[in-house]
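All remarks here apply to the structure that follows.
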Amino acid sequence: MINLASIRSHEIFSTVAVGFLAYKVWRLQPQRETAQTILKGIVNTLTNKSRYYYGHSKRVMLISKCICDALDINGRDRENILDAAYLHDIGKIRVDLALLDKPDKLTETEWETMRKHPLVGYDILKDFGIHADVLAMVLYHHENFDGTGYPLQLNGGNIPLGARIIRVADAIDAMGSDRAYRKALPFDVINEELRKCVDTQFDPDIVAKATNGLNKRIRLILAQGRV
Ligand SMILES: [Fe+2]
Ligand SMILES: [Fe+2]
Numbered sequence: 004m005i006n007l008a009s010i011r012s013h014e015i016f017s018t019v020a021v022g023f024l025a026y027k028v029w030r031l032q033p034q035r036e037t038a039q040t041i042l043k044g045i046v047n048t049l050t051n052k053s054r055y056y057y058g059h060s061k062r063v064m065l066i067s068k069c070i071c072d073a074l075d076i077n078g079r080d081r082e083n084i085l086d087a088a089y090l091h092d093i094g095k096i097r098v099d100l101a102l103l104d105k106p107d108k109l110t111e112t113e114w115e116t117m118r119k120h121p122l123v124g125y126d127i128l129k130d131f132g133i134h135a136d137v138l139a140m141v142l143y144h145h146e147n148f149d150g151t152g153y154p155l156q157l158n159g160g161n162i163p164l165g166a167r168i169i170r171v172a173d174a175i176d177a178m179g180s181d182r183a184y185r186k187a188l189p190f191d192v193i194n195e196e197l198r199k200c201v202d203t204q205f206d207p208d209i210v211a212k213a214t215n216g217l218n219k220r221i222r223l224i225l226a227q228g229r230v
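The C-terminal position of the sequence shown is numbered 230 in the numbering used here, with every residue numbered one higher than the one before it.
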């Protein structure tokens, strides 16, 4: 169970993500009143949201939706992937906003903190009756196709398909958005970076679908985020 007292306002990154979580818990928990009370407490604690992370969750979900369309993923699998895409960075609640927005290179200790967020997210969500497939996608969304990611260094087909999709969508949005240390990259540079990292970071089939067939839709999603 989350200790509400330990959640400080400056650690909070997304009111929308937690509001979404509240909805899912309301839908899934048999004791709805209890769940709502808990989640109201969480939402009320979220007084200092980060606009960047709000947009990030939604865009990663929308880009994942484009990839699901290209791969013809439908039904419950699709719903789970989109839920996980929306919630993938929930574990960053426990990372200082100052660290998330740090304009300089992170120290090794800071990286260690950042690398914990998939596990923290999994730990938060598992207490709320979230579907096991969604939990796995949140846990593995930073695994690399060649086994060099984190937290468990899974590789290839051992990484759930949804996590591989979110990995690509997450990278597209990260490159396509302003950061504290750089401006958003141009679309052709993003495409080039994706191609360079095929087989290492990303599933080649997903990159082919994302970069070759969906440019217009994904560019539109990124462009709307820049307004
Ligand atoms: Fe992440
Ligand atoms: Fe992310």
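Just so it is clear, CB atoms sit at the ideal spot from N, CA and C, and this is done for glycine as well.
Query: Proximity below 8 Å, CB of Asp173 to CB of His134; Result: no
Query: Endpoints, the alpha helix (DSSP H) within which Gly124 is located; Result: 120-128
Query: Val63 CB to nearest heavy atom of ligand 2 below 7 Å; Result: yes
Query: C-alpha gap between Glu115 and Ile127, whole angstroms; Result: 19 Å
Query: Backbone secondary structure at Val137 - three-state DSSP; Result: helix
Query: For Val98, three-class secondary structure by DSSP; Result: coil
Query: Phe205 in three-state terms, based on DSSP; Result: strand
Query: Of the residues Gly152, Asp80, Ile76, the one placed nearest Leu138, counting alpha carbons only; Result: Asp80
Query: Identity of the residue in Lys199, Ile175, Cys200 nearest Leu188 by Cα; Result: Ile175
Query: Start-to-end residues for the alpha helix (DSSP H) that takes in Phe190; Result: 190-199
Query: Segment contact flag, the segment 163-173 with the segment 60-79, C-beta cutoff 8 Å, min 3 pairs; Result: yes
Query: Check your reading: residues with Cβ closer than 5 Å to ligand 2 heavy atoms; Result: Asp92, Asp173
Query: Closest residue to Pro106 among Lys186, Ile193, Gly159 (Cα-Cα distance); Result: Lys186
Query: Closer than 7 Å: Pro121 CB and nearest ligand 1 heavy atom; Result: yes
Query: Per DSSP, the bridge partner or partners of Arg182; Result: Arg185
Query: Three-way DSSP call (helix, strand, coil) for His59 in this model; Result: helix
Query: Ala88 versus Arg167, Asp75, Lys129, residue with shortest Cα-Cα distance; Result: Arg167
Query: Pairwise C-alpha distance: Tyr125 and Leu90; Result: 10 Å
Query: Cβ pair Asp136, Gly165 closer than 8 Å; Result: yes
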